[in-house]
Each structure stands twice: as structure tokens, then as C-alpha cells.
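A short write-up of the structure that comes next.
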Amino acid sequence: MVMHINLKQKQLPWLLATVFMAGSSAVAAETSGQMEEVILTATKRGDAGIQDIPFAVQALGGEALESMGAADFGDFFRMVPGLAVFDQGPGDKRYIIRGVNSTGAGTVGLYMDEVIITGENAQDGGGRQPDLKLFDIDRVEVLKGPQGTTFGSSSLSGTIRYITKKPDFEGPSADVTFGLRSTDGADLGHEIEVAGNLPLIDDVLAVRVAGYKLAREGFIDNQIADDVNDEDTSAGRVSLLYTPTDRLSIYAMAMNQDSETGGPSYYHENDYLGNALREYAQADLTKNGFEDDMSLYNLTADYDLDVGTITATTSKLKRDTRFSRDTSFYLDYVFGWDYLTEGRSVITQPKAREVDSYELRFASDFSDPFQVLVGGFKQSEERFFRSSIVQANASGVMMSDGYYSLDRTVATEVEESALFAELSYDLTDKITVTAGARWFDYEYDEQGISLQGASGGAGSGPGPVLSFEEDDIIGKFNLSYQINEDHMAYFQWAQGFRSGGANDQTAAQLAGVTIPAGYGSDSLNNFEVGFKDTFLNGALVLNTAVYYIDWSDIQIQDQATDGVLSFPYRGNGGAAEIYGFEFDATAYPMDGLSLTFSGSLLQAELSEDNPIPSSGVDGDKIPYTPETTFSLSGRYEWAVGTSTMLGFVGGDLAYVGERQTELRPDSSTYLELDSYALANLRAGVEDDSWSASLSVNNVFNDDTVTDVFRTIPGVYPDGYLFNNPRTLILSFKKSFY
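With mature numbering (1 follows the signal peptide of the UniProt record, and there is no 0) as the guide, the letters of the sequence shown map in order to residues -28 to -1, 1 to 709.
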């Protein structure tokens, strides 16, 4: 069966005609119409502007994010060409750059400052990545193409970096922001953000504190409760900047983000018995949910040696999650347990993850023509995962004394070491060549234990200890030509890698089914030619890139079966080729007006059969990768009277092309998802110390389906994810200096 979710074609001309375009993904506009450049640290070699970096990179400054009313990644990713998100709800994301998407660990590196956040997830590969809230953020950097030489594993296709605002010595300051959210079908929600900066010792010690609170009401009902997809998030961050000498700078940061959601934002058309449900309702009979408690810690020291800077950084990530989902009808189907007599049940999956990382690097500042970046990296990770099915009471709540079924636990330890280097040489005053390499070695140990089988029976006991080790070297080459101060051309070849791992054996052992012990790393080669151009004294900025990606040994997921149950496992498949073109343009045609237009065209397909044909053959399209995306945005601001007050209007329009959910068109879970367009509008007033704005997200209330959960086709009802309904946001901000 193939499902087509139709875009309302008659809306598109109205979208194009009515939307004002706001904000730039690369720059923020001032009233004068001139360009305020966002400064990046994407290369780990000091500060640089986007137009000076010889590879594809996009950045959104804090002012631009605020102008868009962005609270999290889902509010702005459509404005970045080549970037997609597989979104199953709050705290449940898979980031995709340039069509590189498959099961396993994330293919995109995710960082906050120097803290590594991305990683493998036992429930759904790299899918369950956190929703980092955009409070007190200086900028978000999106580095496209492999970043393996500088950022390591899981930066297979790129890296996303959240850079926080740092303490400064300019004086005390504070910001307070309050917002009200009204979503169609939901109660009123609210959002509060506070941030403060305080110098403690002039030019020596400063502290910055920030806090965030979001209460987002739900709009999905299930069989026992209303508004089950609500979200409650609290976050706080404190940072210190210590500069005891002109040469030494020490930065420390600690952050916690705690989120609770009532469940995913999907709906069912029918209940378990095939009866039609009301609009935006779930068939689930229990209280679902997702809890996410994440803490980040970082200590970074920079020492200026005149000839360069030595940086030493250590980071820690601690993340505890709990995922729960209704399984009442699933057990009825598989084991014949009638939930009306046996009771309802829910699968619960707590997971603990702790990552410690260390890096020491030197970035030179020699006199031309030679520069170098060298460093070493060490990371240790521990993961603990448990999955069990628990009895629930008539209210859908898990019972502490209820039966446990299919109860298993998996413990994992991963050690990774790496050395990296990049050398740059100016062949002339216009041509620079850069070569880089990274040697890595990782060790992977995993063991599972089955505590109970079906119906509460005995489990199979501890499984074998699965150990893997792999080392390799990846490389990078870049040639840039600075035609003049306004125009640059570049070529880059870069390799990326993603480490392998083990397949938990405990569940399969219960059924006497054999699955592979593990899987190896996959890697890709990215070839890219790009141009970065500035015209009309900065009034027009145009960046373009064309690329080819050769992806080999792709990590894939397949399954073994005992005739009743299926047991998923990961392996290495064949290869894929991806061809793409992307661009972003920013224009300042008149005083106070900024416009942007960006887009991406790509073709991402398997180039050879996977070893098991059911998991993909030559020509199959990579899932969740639209061939066409584009976005329009803009902002117009003007002086109100003779005061310093400004009025502004703006908005954005994003178009996402067709995608599919699986590689194989004959797969029972294959579905085609049609294109859609989303429009957002914003207007308000602002002064030096305050602002007020009204935003409307999803102006036309587009409810296009963006993903489908299909567990047991024809038996278990399909769950449909869709764009969030129209949301009005009224926001007030007050600044104190």
C-alpha cells in the first residue's frame, strides 16, 4: 500500500504572495541595511566570518533566531538548505545533512560549545537526540559535509554546534523574556527566559546565568486522557570566564535541561478494533510519555603563545531518559493476551548515558604562509539500557506490582582515542591548500541479560560479552582561491566515519533465533565545489555549492524472526551515491529591508544492492530525504517617529519536497509522504531596552503528514505525525544595562 498525503496546491500562490521574508540564516540585518556578520569558530582555528571559510557552513545568530521566534531546532531547520530532521516529537530527533540517513548512531555531530551530545541510542539508532532549547544562545553553526578530521565520529555528513553566550566584562546586564503560546486544539501555554551577566573582578572574572521554562500544552487525545502530547521543560545554565593574565583564558559551564512530555504527537484514524476515532486522537489505552534529564559540563582553557593558541578542554554529558508506549494490543496480537481480561500493558525503556571527553589542541598563528592545527582526543562512554513490558491499571498507569514481561538489560562501554592534524599553506596570496588527517581507534564492549521472558517466565540469563575494536585513518584536502576580497572559490574532498557496534543477543536468545554479533563502521567521501560571493558592497551575498557523496558499508537494519516475533539487528550494507546542489542568498535592497532565499536539490540513492535484498537494492531512495527544499524569508523595520523605537514585520516560507519512509517500495512499512509548505509571520516593535512581538507559526494551519508509525500493517493502527497546528506567540522582552 502506498499512501499519498496531498499538499493543498491552491494555497501555494497565496503563500508566495502574502509572506514577508524575515531574517538571514547567515547574517542579521541592521536598520541601515548593512550586513552584521556572524563570527564562527567552526574550524577550531580562531574566529572567522562565513564568507572566509572555504567550505559550506550556515550560521544563525542569536538575534536572527530571536527574530524568527525560534524556541528549538524544529523552528528554524527548514531555513537551512540541505538540512532535514526526522522528528517524532519533543526530545526525539534525527538530524540529516545532505541526505545521509540510516539506522545506527547519528550521522550528524551535535555539540553545545565543546560538549559532545550526539551518540547511539538503543531504542531507535541515532533518532532520539535531545531538543536543545535556544535560550541565551549566541549562534547555531551548521557545518555541511564530513567534519571527521576535526570533530570525529558521527560527524559523518556534518556537524551542528550550539554556541552559548559567554560572560563578558562590559558591565552588569540582564534580559527577561515572557511569551504566551496558543495552539489550535490546545490550552494556553507559556515560555519564560531570563539571563544575566555580572563582572565580579574587572577584566578578570565574570559570571553569566540563564534560565528557561516552557509549558507547551498538548493537542492530541487518547482513550484515557486529553492533551497527551504536552511538554514541560525547565533548563538552567551558569558559566564563568576567568582571565588571570593577558595570555590565559579559562571558561567553565554547567547546564541542566529537564523535559517531560506526555507522549508523541501522532494520531490514529481508527482504534484497535477498527472503529473510527475523532480528529487528532490516539487509540492508545495507557499513559505514554518521555522523560529526559540532561546535564552538560565543560571546562576549557586557552593559552596564547604568540605563535598560536593551546586549547585544553574537558566535557561531560549525563543523560537519563525514560520512554513508555502502550503495548496492550500488541501483546494481544502476539501472545493472545486479551487486554480486557489480562489487563493493559506498557513498554518502558529507561536509559542512562554518561560521556567523558578530553581534547588538547594547538592552532598556530604563524606569519604566512604556513599554519597548523594538531591535537589529541579521548572519549569514554558508558550506557545502560533496560526494556520491559509492565502491567498497567485501568487508568493506564504502570503498576509497580504488576507482571513484567520480556525484561532485558544491556550495558555498553565505548572507548575512543584519536590524533588529528591540519596543515595549511599559502601557495600565493590568493591560493591556499589545506590537508588534514585523523587517526582513530575505538573499543566497544557490550553485554545483555534477559531477566524475564514472555508471561513472566524465566529469561535466558546473561548473554555473551561482545567486544569489537577498529582503527583507521581518514583524510581531507581543501583548495581555496580568493579571487578578490568579495569572491572565493574552493574545492574540498573530505572523509567521514561512523563507528560500529554490537547487536544485543538477549531477546533473540529467548526465541532461539540467531542474529549477527555486531557491525562495522561506515564511511563516506564527499567531493565539493563551492563559491562565496559578495556583490554591491555587501548588499547581496550569494553562496553556492555542488557536491557528490560516495557512501560505503552503510549501517542498515534488518530483522530475524521465529515466525511470530521479529528481532531487529544492525549490519553493514552496500553503498549509496548522493548528488546535490545548494545555495543561499541574502539581499539588502533598501534601508531596513533584508531578504533571503535558499534551497537544495539532491538525489540520494543506493548504488548497489544490500547483502539482504529486503533491506534495499540498487536505485532505492534513501528515506526521509526530500529531493527539493527551499525557503524564503525577510524582515522590514522602520523608525517609529523620532524616537529610537523600531517597528518590524517579517515572516518566512519553507517548502519540503516528497519523501518516503523506507528504502524498499515493496516493504510493508513503505509510505510516500507528499510535499508541504509552511508559512510563519511576525510583527512587533522594539527599542534599545524592550521589545514586543506577535508571531503566527503555520499561518494556514497545514496538517500535512510528515511521518507514519506502521508497526503491524493491517492489524495495528497506523500512527500519523503531522505539522504542529497554527500557533500564536505573544512575546515581551525587557533588557537591563
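The beta carbon of each residue, even a glycine, is placed where N, CA and C say it ideally should be. Since the model is a prediction, treat every value here as computed from it, not as a measurement.
By the 10 Å Cβ neighbour count, where 16 or more other Cβ atoms means buried, how is residue i classified, buried or exposed?
i        : result
GLY117   : buried
SER125   : buried
LEU160   : exposed
THR600   : exposed
LYS448   : buried
VAL(-27) : Any reading at VAL(-27) must be qualified, since the residue scores a pLDDT of 34, below 50, and its modelled position is unreliable; the value itself is stated next. With fewer than 16 other Cβ atoms within 10 Å, it is exposed.
LEU277   : exposed
PRO236   : buried
MET562   : exposed
ARG219   : exposed
GLU457   : exposed
ASN515   : buried
ILE173   : exposed
ARG325   : buried
ASN365   : exposed
ILE701   : buried
TYR330   : exposed
TRP523   : buried
ASP556   : buried
VAL279   : exposed
Hey, would you say the C-beta of residue i is under 7 Å away from at least one heavy atom of the ligand HEM?
i     : result
ILE68 : Ligands are entirely absent from the displayed structure, and the ligand HEM is therefore not among its contents.
In whole angstroms, what is the alpha-carbon distance linking residue i and residue j?
i           : j      : result
ASN450      : VAL80  : 21 Å
TYR239      : LEU268 : 34 Å
THR90       : THR131 : 10 Å
residue 713 : ALA335 : One cannot answer for residue 713 here, as it falls past the ends of the chain, which runs -28 to 709.
GLU241      : PHE191 : 15 Å
ILE528      : ASN544 : 6 Å
ALA42       : PHE48  : 6 Å
VAL10       : GLY623 : 21 Å
ARG333      : ILE25  : 20 Å
GLY656      : THR614 : 17 Å
ARG155      : ARG188 : Here residue 155 is Thr; the residue named in the question, Arg, does not match the sequence. When rounded, the distance between both Cα atoms is 9 Å.
VAL668      : SER287 : 38 Å
TYR275      : GLY629 : 48 Å
SER(-4)     : SER39  : Residue confidence is low: SER(-4) scores 38 on pLDDT, short of 50, so the model does not pin down where it sits. No coordinate-derived value is stated.
ALA158      : ASP199 : 7 Å
ILE22       : LEU104 : 23 Å
PHE357      : PHE704 : 42 Å
ASP292      : THR121 : 30 Å
THR299      : GLN477 : 22 Å
GLY5        : THR558 : A caution first: GLY5 carries a pLDDT of 44, below 50, which makes its placement in the model too unreliable to give a value.
ILE68       : ASP85  : 20 Å
GLY619      : ASP659 : 9 Å
THR272      : PHE602 : 38 Å
ASP175      : ASP140 : 8 Å
PHE150      : LYS185 : 10 Å
ILE135      : ASP44  : 14 Å
Which partner residues does residue i have in the DSSP bridge list?
i      : result
GLU418 : THR384, LEU438
ASN270 : MET225, SER287
GLN195 : In the DSSP output, where bridge partners are listed per residue, GLN195 has none listed.
ILE521 : ASN498, ILE550
THR404 : ASP398, SER452
ASP104 : One point to set straight first is that residue 104 is Leu, not Asp, in the sequence displayed. According to DSSP, LEU104 bridges with nothing at all.
GLY161 : ARG153
ARG654 : GLY622, SER667
Consider the Cβ of residue i: report whether some Cβ of chain C lies at a distance smaller than 8 Å.
i      : result
THR320 : Judged by its chain identifiers, the structure shown contains no chain C, having just a single protein chain.
Determine, using beta-carbon pairs with one atom in the stretch 435 to 452 and one in the stretch 416 to 423, whether at least three such pairs fall under 8 Å.
yes
Below 8 Å, can you find three or more Cβ-Cβ pairs linking the stretch 626 to 644 to the stretch 658 to 665?
As far as the Cβ criterion goes, the stretch 626 to 644 does not touch the stretch 658 to 665, which means the pair count is below three.
Closer than 8 Å is the cut-off here; do at least three beta carbon pairs connect the stretch 160 to 171 with the stretch 69 to 86?
no
Tell me whether the stretch 18 to 38 and the stretch 467 to 485 touch, counting them as touching only if at least three CB pairs, one residue from each stretch, are closer than 8 Å.
Using a Cβ-Cβ distance cut-off of 8 Å, the stretch 18 to 38 and the stretch 467 to 485 are not in contact, since fewer than three pairs of beta carbons, one from each stretch, lie closer than that value.
Is the stretch 462 to 473 in contact with the stretch 493 to 509, if contact means three or more CB pairs nearer than 8 Å?
yes
Do the stretch 242 to 253 and the stretch 203 to 221 make contact, defined as three or more Cβ pairs closer than 8 Å?
no
Fully enclosed by the stretch 435 to 494, which beta strand (DSSP E) runs are 3 residues long or longer?
438 to 456, 459 to 470
Mind the definition here: the stretch 644 to 660 touches the stretch 675 to 691 only if three or more C-beta pairs lie below 8 Å; say whether that holds.
yes
Decide if the stretch 103 to 117 is in contact with the stretch 28 to 40; the criterion is three or more beta carbon pairs, one per stretch, under 8 Å apart.
yes
For the structure I just gave you, are there three or more beta carbon pairs, one from the stretch 566 to 573 and one from the stretch 548 to 556, closer than 8 Å?
yes
For the stretch 577 to 592 and the stretch 515 to 535, state whether three or more C-beta atom pairs, one from each stretch, are separated by less than 8 Å.
yes
Does the stretch 128 to 147 come within contact of the stretch 685 to 704, defined as at least 3 CB pairs closer than 8 Å?
no
For the stretch 23 to 102, which segments carrying the alpha helix (DSSP H) assignment without a break, of at least 4 residues, lie completely within its bounds, in sequence order?
34 to 40
Enumerate, from N- to C-terminal direction, the unbroken alpha helix (DSSP H) stretches of 4 or more residues contained entirely within the stretch 283 to 360.
As far as the stretch 283 to 360 is concerned, its whole alpha helix (DSSP H) runs of at least 4 residues are 300 to 307, 311 to 314.
Would you mind listing the beta strand (DSSP E) stretches within the stretch 203 to 260 that are 3+ residues and don't spill past its ends, in chain order?
203 to 214, 220 to 233, 238 to 242, 248 to 253
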